[in-house]
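Notes for the one structure printed next.
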Amino acid sequence: MRQLIQFRNIVKEFDGQLILKGLNLDIMENEFVTLLGPSGCGKTTLLRILGGFLEQTEGEVFFDGIEISNVPPYKREINTVFQRYALFPHMNVFDNIAFGLRIKKTDPAIIEQKVKKMLKLVNLEGYEKRAITQLSGGQQQRVAIARALVNEPMVLLLDEPLGALDQKLRKEMQIELKKIQKEVGITFIFVTHDQEEALTMSDKIVVMKDGEIQQIGSPTDIYNEPENEFVAKFIGESNIIDGIMLDDYRVVFFDQEFECVDYGFHDNESVDIVIRPEDIDIVEYDTGKFNGTIKSIMFKGVHWEIVVDTGIQDLVVHTTDYAEVGKEVGLSFFPEDIHVMSKMVAY
2 MRQLIQFRNI
12 VKEFDGQLIL
22 KGLNLDIMEN
32 EFVTLLGPSG
42 CGKTTLLRIL
52 GGFLEQTEGE
62 VFFDGIEISN
72 VPPYKREINT
82 VFQRYALFPH
92 MNVFDNIAFG
102 LRIKKTDPAI
112 IEQKVKKMLK
122 LVNLEGYEKR
132 AITQLSGGQQ
142 QRVAIARALV
152 NEPMVLLLDE
162 PLGALDQKLR
172 KEMQIELKKI
182 QKEVGITFIF
192 VTHDQEEALT
202 MSDKIVVMKD
212 GEIQQIGSPT
222 DIYNEPENEF
232 VAKFIGESNI
242 IDGIMLDDYR
252 VVFFDQEFEC
262 VDYGFHDNES
272 VDIVIRPEDI
282 DIVEYDTGKF
292 NGTIKSIMFK
302 GVHWEIVVDT
312 GIQDLVVHTT
322 DYAEVGKEVG
332 LSFFPEDIHV
342 MSKMVAY
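In structure tokens, the structure reads:
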């Protein structure tokens, strides 16, 4: 894949406050990229700079090799789908989708052809004359996506477009959006604070905090190999334990030495250990790596969330097996379940 978008040393300041702090990011052609982070981390600001709705304080934005900071939004090969969709309530579905083409004075026969193609793509065939107010939230979102795609942009920006939908519809639209992106074969840049959305839909996730990028990687890399404590805690649940990296493949925590798969640290370096709750097995007392006592148990639908008091630190375990509060148990895991991170400033 070729490089399509480059952010170089992007700084954005509002009223003396730094929102983006010298950010650098490359986005490839046909990627589904998610900007993920808590509210106020700068992800929407970065999206709006790319769309041309905001101007950066410092830095450059390259699109297909050309610096576009002075190019107005309507001249960029980029369209945006907003959280509130911004549909025209006085127009029907067809007219909403056709709006951009009519502004460009496109031939009516071509408009008819393109709108019908988009209606098929978003599964709204037969809805051409339906009023916007008669559509569900999911259907309105599909109209907004079709209106953005009908102009055949090279990039589609999606600013938390699933935020107003209920959980069931959100999950359906996650699958639908990914399918649409693959079918149209263009770059999607998606903004969300929802970790599950990011993991479900993305080719690449950009985790942000306080105007800085914390980690870039595939969903698998971000989840299984977090680079710091913030990423480990923000993407799913994590047990984070103080440890000492003795040397390659050997780490000490809970006053015991364990085999691991990590290497490249300094000998006797202080590190953070991450073990995901689903990677810990509850076994019979004295048959695991160490022992503990069941402190609490909560049913989560697909698993039990069990907190185990080890005497040093409470650990969270996700399991399909029930265990009584107060029971003494063993805890077991494999070397590949231990992820070692360099110590960071506490978040």
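Offset between the sequence shown (1-based) and the numbering used here: plus 1.
By construction, the Cβ of each residue, glycine as well, lies at the ideal position given by its N, Cα and C atoms.
Source: prediction; values computed, not measured.
The bridge partners DSSP lists for T294 are D310 and E329. Apart from the 5 residues on each side of it in sequence, L48 sits with its Cβ closer than 7 Å to the Cβ of L36, L158, D160, I190 and V192 in its chain, given in chain order. Boundaries of the alpha helix (DSSP H) around E198: Q196 to M202. One Cα belongs to V151, the other to P73, and the distance between them is close to 20 Å. Ranked by how close their Cα comes to the Cα of K210, the residues L5, T45 and M29 have T45 in first place. Residue pairing of A132 in beta bridges, as defined by DSSP: N93. Nearest Cα to R251 within the set V262, I281 and P154: V262. Sequence-distant Cβ neighbours of E129 in its own chain, meaning closer than 6 Å and more than five residues away, are V94 and F95. Between the alpha carbons of K205 and T188 lies a distance of about 11 Å. Pairing V34 with L21 gives a Cβ-Cβ distance that is not under 7 Å. Just so you know, the alpha carbons of Q114 and I79 end up roughly 21 Å apart.
In the pairwise beta carbon analysis, the region 230-250 is classified as not touching the region 289-296: fewer than three pairs are separated by under 8 Å. The Cβ atoms of H319 and E329 lie no closer than 7 Å to each other.
In this structure, the CA atom of K179 is about 17 Å from the CA atom of L166. For the region 188-256, the continuous beta strand (DSSP E) assignments of 3+ residues that do not extend past its boundaries occur at 188-193, 205-210, 213-218, 240-248 and 251-254, in sequence order.
Rounded to whole angstroms, the gap between the alpha carbons of I112 and K234 is 48 Å. For T311, the closest alpha carbon among the candidates D282, G164, I214 and F255 is that of F255. When C-beta atoms of the region 51-58 are compared with those of the region 220-231, fewer than three pairs fall below 8 Å, so the two segments do not count as touching. When the five nearest sequence neighbours on each side are left out, the beta carbons in the same chain lying within less than 8 Å of the beta carbon of E258 are those of L247, R251 and V252, in order along the chain.
By the criterion of a C-beta distance shorter than 6 Å, G60 is surrounded in its chain by R9, N10, I11 and V12, once the five residues flanking it on both sides are discounted. The beta carbon of L19 sits closer than 8 Å to those of V12, K13 and G212, all from its chain and outside the five residues before and after it, given in chain order.
Remark: C-beta atoms of Q175 and I236 do not approach each other more closely than 7 Å. Minimum Cα-Cα distance from P154 among the listed residues D65, D108, F291 and G164 corresponds to D65. Assignment of beta-bridge partners to V12 by DSSP yields K22 and E59.
By the criterion of a C-beta distance shorter than 7 Å, T134 is surrounded in its chain by P90, once the five residues flanking it on both sides are discounted. Under the three-state reduction of DSSP output, T81 falls in the strand class. For the options I98, G138 and E279, the alpha carbon positioned closest to that of Q168 is the one of G138. Straight across, the Cα-Cα distance linking L120 with K172 is about 21 Å. With a 10 Å radius around the Cβ and a threshold of 16 neighbouring Cβ atoms, N25 comes out exposed. For V123, there is no enclosing alpha helix (DSSP H), as DSSP gives it neither H nor E. Closest in alpha carbon position to T58, among E30, V272, D16 and G38, is D16.
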